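J.:
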Amino acid sequence: MPELEQMVSNKSFPKKFANVSKKFIDYKAGLIGAGIMGGLVFAINYHETHELFNSSTAALKQATYTFLVGGSIMRSCEHLATKIKKKTLAITSAVILPSMLTLTLTYGIHNLKGTPEPKKSTVPTTIIIPATAYWATRKRKQLDYQVK
């Protein structure tokens with residue numbers, strides 16, 4: 244097995260990594276979500292505290308988390324919408340499961356790290372519900388169109 248240094252120095256490694264990770268992360272959805280959620284967190288924090296640095300730090304953390312975890316959740320939404328045969332079950336599962344996972348993770352993280360109002364901090368995350376509904380329906384329609 245090649246050494247890690249050799250793998251990383253190999254010029255094709257970044258391309259291979261990007262291709263493999265596309266199976267698990269939807270980069271486009273992650274980037275869009277990062278922009279929306281990062282901006283929202285910045286606006287909320289700046290409105291409350293009027294501190295540019297701390298608001299920017301919170302926004303950057305949220306954007307990074309949303310890019311990685313949100314991109315993964317949207318990929319799972321797509322997977323559920325296209326792999327389950329029965330259309331209504333597929334779309335329902337693709338909306339409910341990722342949305343509940345997102346809300347639970349967000350509330351749990353805010354609760355564990357001692358956010359003063361974890362419920363209030365979880366409210367902006369409800370944007371995932373219409374996002375997964377849109378994405379699941381869109382991906383299912385694309386699948387149905389390809390099959391016909």
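Counting in my numbering, the sequence shown runs from 244 upward without gaps. Quick reminder that beta carbons are idealized off the backbone N, C-alpha and C, glycines included. Note that the coordinates shown come from a computational prediction; the quantities given were computed from them, not determined experimentally.
Could you tell me how far apart the beta carbons of Thr-309 and Gly-273 are, in whole angstroms, since I believe they sit closer than 8 Å?
T.: Between Gly-273 and Thr-309 the Cβ distance is about 7 Å, and since that is below 8 Å, they are a contact.
J.: So, with DSSP's three-state summary, where would you put Gly-276?
T.: Reduced to three states, the DSSP call for Gly-276 is helix.
J.: With a threshold of 16 other CB atoms inside 10 Å of the CB of Ala-286, please say whether the residue is buried or exposed.
T.: Result: exposed.
J.: How far does the alpha helix (DSSP H) with Leu-355 in it reach, from first residue to last?
T.: Unbroken alpha helix (DSSP H) run through Leu-355: 330-355.
J.: Need the endpoints of the alpha helix (DSSP H) that Phe-260 sits in, please.
T.: Per DSSP, Phe-260 belongs to the alpha helix (DSSP H) from 256-264.
J.: Using only CA atoms, which one of Lys-258, Ile-279, Lys-384 and Asn-288 lies nearest to Pro-359?
T.: Residue Asn-288 is the option with its Cα nearest to Pro-359.
J.: Can you round the beta-carbon distance between Thr-307 and Ser-298 to whole angstroms, since I take them to be within the 8 Å contact cut?
T.: Between Ser-298 and Thr-307 the Cβ distance is about 15 Å, and since that is not below 8 Å, they are no contact.
J.: Hey, out of Ala-333, Met-317 and Gly-357, whose CA is closest to Gly-344's CA?
T.: One point to set straight first is that residue 344 is Leu, not Gly, in the sequence displayed. That would be Met-317, whose Cα lies nearest to the Cα of Leu-344.
J.: In three-state DSSP terms, what is Phe-296?
T.: Three-state DSSP puts Phe-296 in a helix.
J.: Since Trp-378 and Glu-321 should fall inside the 8 Å C-beta cutoff, what is the C-beta to C-beta distance between them, to a whole number of angstroms?
T.: Going by Cβ atoms, the distance from Trp-378 to Glu-321 rounds to 6 Å, so yes, they are a contact pair.
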